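There are 4 protein chains.
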Amino acid sequence: MSEGKQGGRPRDEQVDRAIARAARELLAERGYTGFTVDAVAARAGVGKAAIYRRFPTKQELIYTVAIHGANGEPPADRGSLAADLTAVCRTLAEQLAAAPPGVYTGLLADLYGSSGLATRFSEVFLARQRAVLEEVLGRAVARGELAAAPDPLVLHALVVGPLFVWLFVLGGAPEEVRKLVDTVVAGVLAVLR
Amino acid sequence: MSEGKQGGRPRDEQVDRAIARAARELLAERGYTGFTVDAVAARAGVGKAAIYRRFPTKQELIYTVAIHGANGEPPADRGSLAADLTAVCRTLAEQLAAAPPGVYTGLLADLYGSSGLATRFSEVFLARQRAVLEEVLGRAVARGELAAAPDPLVLHALVVGPLFVWLFVLGGAPEEVRKLVDTVVAGVLAVLR
Amino acid sequence: MSEGKQGGRPRDEQVDRAIARAARELLAERGYTGFTVDAVAARAGVGKAAIYRRFPTKQELIYTVAIHGANGEPPADRGSLAADLTAVCRTLAEQLAAAPPGVYTGLLADLYGSSGLATRFSEVFLARQRAVLEEVLGRAVARGELAAAPDPLVLHALVVGPLFVWLFVLGGAPEEVRKLVDTVVAGVLAVLR
Amino acid sequence: MSEGKQGGRPRDEQVDRAIARAARELLAERGYTGFTVDAVAARAGVGKAAIYRRFPTKQELIYTVAIHGANGEPPADRGSLAADLTAVCRTLAEQLAAAPPGVYTGLLADLYGSSGLATRFSEVFLARQRAVLEEVLGRAVARGELAAAPDPLVLHALVVGPLFVWLFVLGGAPEEVRKLVDTVVAGVLAVLR
DNA sequence: AACTAACCGAGACGGTACGTCACGTCTTTCG
DNA sequence: CGAAAGACGTGACGTACCGTCTCGGTTAGTT
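Structure below.
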């Protein structure tokens, strides 16, 4: 519909892939701080312009390649709110832990002031997480486990907050995240009652 | 003792204040990302060397002027774990909300790789928070409210995580933090039982 | 003959004209330095490829559209060397002054290293000027005004040099070129004697 | 007088020299077109900022280091206008020929549009040449060789024009510039009479 | 009263990344 | 095959900020 005329040479998907691949590698090797657009261009065998044609900013590039999945598929119904919530939390924790070090914190820091990426982050990444939580909550209401679904924003904070700070602020061991997840779920369930 | 010979002109405390003041203003005006040492020097009417004589890096400067208090005094005993915990959480939330926007997230991002500030942050700022938590937990054990104090790291994550993401990630309204605090405390108490 | 198979769609002459027109306009508006091929394509409503199909480089395009005439027709015999030389010089001066500002100097600068255009410039543009000079010199010899024709290269320098620097280096007023021409001719005649 | 406060670390003259030296070398090695500020910085062992602190633009740098002398000292009085003029022309020709290839033409091309450098070029480089010519003319008037000094701008064009185009446009042999100088001087003298 | 050491504002230093721009080529779709 | 559109690799541009260093000059405490 409102796509406008097409025309012109289409973007080369091989270039897309080369950029994404190089960016991911460099993010893993050098971390958020040491990440350079020039280095991405060099490793991808690509001009810088090809990168900036796709991503208005270095941060958008990182966001796109590193927070790739943000899958948002709600988990299969496991029959109880406790089980569903545990599954969601584990997926979330894995997603957070999967990114190269410093990516989430770096991105979060660069979000202030760059309204463009900030809204995309909120409206895509976070909104999708919240949607999953609402789905799980809806199932519980349908089952009769809950009288009414609570404020999803509060629930969101209760769920991702501990995971986030455990991994990125407090330096908690990634192996023990599962234990933390159990505790988080227990607390949340108690509050929802 | 191991102060070395003194000699020479002492530091001008007016310079200390001018730097702190200028830094705080600029942090508030431009946020963490737009904050530059040159701008601080210019606004404070001070040479850059005077700043770097006091702070080894830009991050240390920001940490010092913006996370000032980090006081760490445990609250007065309010007679119950619930009341103590609520008081601690409220103080914590106020402290987080008091800093100019982007300071905590920016600092957190710059912590990766700069071992110096990272350890100071962990060993002073976070350790102090944890000590406060352990104190109120100890009181609860003494009172007989709890059989044994739980893992303080987990508790720390459960308490500070939701507040952090509410304020800095999810964009929750600062006015509603008190409501969130109540929920957090309720959840934590349920888990500790 | 050596044209090769023709075949296929013939070049659209309307495109030729659109390119030439856009190029001339942009040269006049932005000068040699600010002149870009993309801008020509955009203004002409033409693809860049259509331009590069016609001109191997930006310089060739400029050369072709801006130094168009370079006609090289020797002037009608005016009966004396002085009159012939004056006519030649005036034509030359008009030609130099006709190009948008910066074209001659810009082209001259880009000639270093680009052997292709450099030889074409020498062998077409300059050689043609020199041929005209040799023609009027030949007439003078035939008339008995001169014993022998002098070195044409030296004469070329004596004639075109002052005009060039007057217009493009010294910033002399274009209206006063005629006065300069008279002086140049007088000097040249004196030397040839 | 109106020098303003000094303050601050003074420019390091060694850096001045390193930049000038590197720039001259690179100009000689790669010519005007291949000349890069980054390369100058790299070879001089200097940051780019140090260069841009001294020269607002690449062209100013080239102008300063390559048209260095522009000495402007009028030659010793040789007793006659012919001898003085010959000396001036030879000096001029040597100066033009001394610069690395493409410098004069490149600079000339870049002068259009950059009013800053353009006026400096006119008011320093060209004005100085013209002053020398006026000095020589003044001597001739004082000697009684000339009734009145002619328009210096015209004389300037007559003198420098042929040399310029001989060297940079027509591709005349530099060895034969002396012969050209003699012819130029003869023509000019004839005109001045 | 002189000396000395550390301070002060100012600002230059080497380094490094940024995002933009133009070149001339290549690759689409359409006529 | 020509044409419009526009992406491609290359490579320079000039700007910004970092943390350090160097000026000339000031301000204590120590001789």
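Protein chains in written order, with this note's numbering: chain D, 4 to 196; chain U, 4 to 196; chain Z, 4 to 196; chain E, 4 to 196.
In this text, a Cβ means the ideal position worked out from N, Cα and C, and glycines have one as well.
These numbers were taken from a predicted model, which means no experiment stands behind them.
Check whether residue i and residue j have beta carbons under 9 Å apart
{"i": "Z/Val106", "j": "Z/Ile65", "result": "yes"}
{"i": "U/Asp113", "j": "U/Gln62", "result": "yes"}
{"i": "D/Thr39", "j": "D/Leu29", "result": "yes"}
{"i": "Z/Leu99", "j": "Z/Phe167", "result": "yes"}
{"i": "E/Pro103", "j": "E/Ala31", "result": "yes"}
{"i": "D/Val187", "j": "U/Leu129", "result": "no"}
{"i": "D/Leu192", "j": "D/Leu111", "result": "no"}
{"i": "E/Gly34", "j": "Z/Gly109", "result": "no"}
{"i": "U/Ala47", "j": "U/Ala69", "result": "no"}
{"i": "U/Thr94", "j": "U/Ala23", "result": "no"}
{"i": "Z/Leu161", "j": "Z/Val139", "result": "no"}
Residue i CB to nearest heavy atom of the ligand MG below 8 Å
{"i": "D/Val91", "result": "Absence of the ligand MG is noted for the structure shown, with no ligands found whatsoever."}
Closer than 8 Å at the beta carbon, the chain E residues around residue i
{"i": "Z/Arg167", "result": "For clarity, residue 167 of chain Z is Phe in the given sequence; the question names Arg instead. Within 8 Å Cβ-Cβ: Gly164, Phe167, Val168 and Val172."}
When the options are compared against residue i, the one with the closest alpha-carbon
{"i": "D/Arg146", "options": "D/Thr94, D/Pro59, D/Asp80 and D/Gly48", "result": "D/Asp80"}
{"i": "Z/Leu136", "options": "Z/Thr122, Z/His159 and Z/Glu148", "result": "Z/His159"}
{"i": "U/Pro13", "options": "U/Leu84, U/Arg93 and U/Arg57", "result": "U/Arg57"}
{"i": "E/Ala189", "options": "Z/Leu183, Z/Thr36 and Z/Arg196", "result": "Z/Arg196"}
{"i": "D/Glu148", "options": "D/Val187, D/Ala134 and D/Asp87", "result": "D/Asp87"}
{"i": "Z/Ala96", "options": "Z/Ala193, Z/Asp185, Z/Val191 and Z/Val194", "result": "Z/Asp185"}
{"i": "U/Ala134", "options": "U/Gly119, U/Gly174, U/Ala152 and U/Ala121", "result": "U/Ala152"}
{"i": "D/Gly164", "options": "D/Gln132, D/Ala143, D/Val144 and D/Glu178", "result": "D/Gln132"}
{"i": "U/Val144", "options": "U/Gly82, U/Asp41, U/Thr94 and U/Arg27", "result": "U/Gly82"}
{"i": "U/Val157", "options": "D/Asp154, D/Ala150 and D/Trp169", "result": "D/Trp169"}
{"i": "E/Glu178", "options": "E/Tyr55, E/Ala101 and E/Pro155", "result": "E/Ala101"}
{"i": "E/Gly75", "options": "E/Gln17, E/Cys92 and E/Thr60", "result": "E/Cys92"}
{"i": "E/Gly10", "options": "U/Leu183, U/Val49 and U/Tyr55", "result": "U/Val49"}
{"i": "U/Glu16", "options": "U/Ala42, U/Arg27, U/Asp41 and U/Ile54", "result": "U/Ile54"}
{"i": "D/Asp154", "options": "U/Leu183, U/Arg27 and U/Pro59", "result": "U/Leu183"}
Cross-chain neighbours of residue i in chain E, by beta carbon under 7 Å
{"i": "Z/Leu183", "result": "Val157 and Ala160"}
Local Cβ density within 10 Å of residue i, reported as buried at 16 or more and exposed below that
{"i": "D/Arg181", "result": "exposed"}
{"i": "Z/Ser5", "result": "Its pLDDT being 43, under 50, Z/Ser5 is placed unreliably by the model, and the measurement read from it follows with that caveat. Under this definition Z/Ser5 is an exposed residue."}
{"i": "U/Ala25", "result": "buried"}
{"i": "Z/Gly175", "result": "buried"}
{"i": "U/Ala45", "result": "exposed"}
{"i": "E/Thr122", "result": "exposed"}
{"i": "Z/Gly141", "result": "exposed"}
{"i": "E/Ala90", "result": "buried"}
{"i": "D/Ala52", "result": "exposed"}
Partners in chain D for residue i, counting only beta-carbon separations shorter than 7 Å
{"i": "U/Leu95", "result": "Within 7 Å Cβ-Cβ: nothing; U/Leu95 doesn't reach chain D, min ~12 Å."}
Within chain U, partners of residue i - CB distance below 7 Å
{"i": "D/Gly190", "result": "Leu161, Gly190, Val191, Ala193 and Val194"}
{"i": "D/Gly175", "result": "Leu156 and Ala160"}
Where residue i meets chain U, residues with beta-carbon distance less than 8 Å
{"i": "D/Thr186", "result": "Val157, Leu161 and Val194"}
Per-residue contacts from residue i into chain Z (C-beta, under 8 Å)
{"i": "E/Gly116", "result": "Gly34, Thr36, Gly37 and Gly105"}
Residues within the segment 26-60 of chain Z neighbouring chain E, beta-carbon criterion of under 8 Å: Gly34, Tyr35, Thr36 and Gly37
Residues, ordered as in the chain, of the segment 121-142 of chain E that lie near chain Z by beta-carbon distance below 7 Å: Ser125 and Leu129
Compile a chain-ordered list of the residues in the segment 98-113 of chain Z whose CB is closer than 7 Å to at least one CB of chain E. Pro104, Gly105, Thr108, Gly109, Leu111 and Ala112
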